[in-house]
Amino acid sequence: AETLAADLSARGLSVRAVTLAGLDRAALHGLVGDVIREAGRLDIVVHNAGGCPWASIEDLDEDKLEEALALNLKPCFWLAQAAAPAMRANGFG
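The sequence shown begins at 4 in the numbering used here and counts up one residue at a time.
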């Protein structure tokens, strides 16, 4: 993430790369607030995180399935939920 952010910054874009524990709802909501305070607005959100248990579909038990769904779905929802009011205020998002 930092390498990509440096490349984009070198092209004159204002970017911020952040690494967070994906299952920390408060941290994701706080991140959105930080960005809005620093930049004055929020135009786009990119969620690029996730994972999957190392098991074949036949061996994936209910607990591992729930873990994968939580890791891949909840953070995306929380980030969109936190960003929606600011993006709606901008008229898009």
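Backbone N, C-alpha and C define an ideal beta-carbon position, used for all residues, glycine too.
Note that this is a predicted model, so its numbers are computed, not measured.
Leaving aside the five residues that flank R14 on each side, none in its chain has a CB nearer than 6 Å to its CB. In the three-state reduction of the DSSP assignment, R28 falls in the helix class. The DSSP-derived three-state label of A42 is helix.
Segment contact: the stretch 41-54 against the stretch 83-90, three or more CB-CB distances shorter than 8 Å; contact assigned.
Of the residues G94, W81, F95, the one whose Cα lies closest to the Cα of G36 is W81. Leaving aside the five residues that flank A58 on each side, the residues in its chain whose CB is nearer than 7 Å to its CB run, in chain order, K67.
Per the coordinates, the alpha-carbon of M90 lies some 5 Å from the alpha-carbon of G96.
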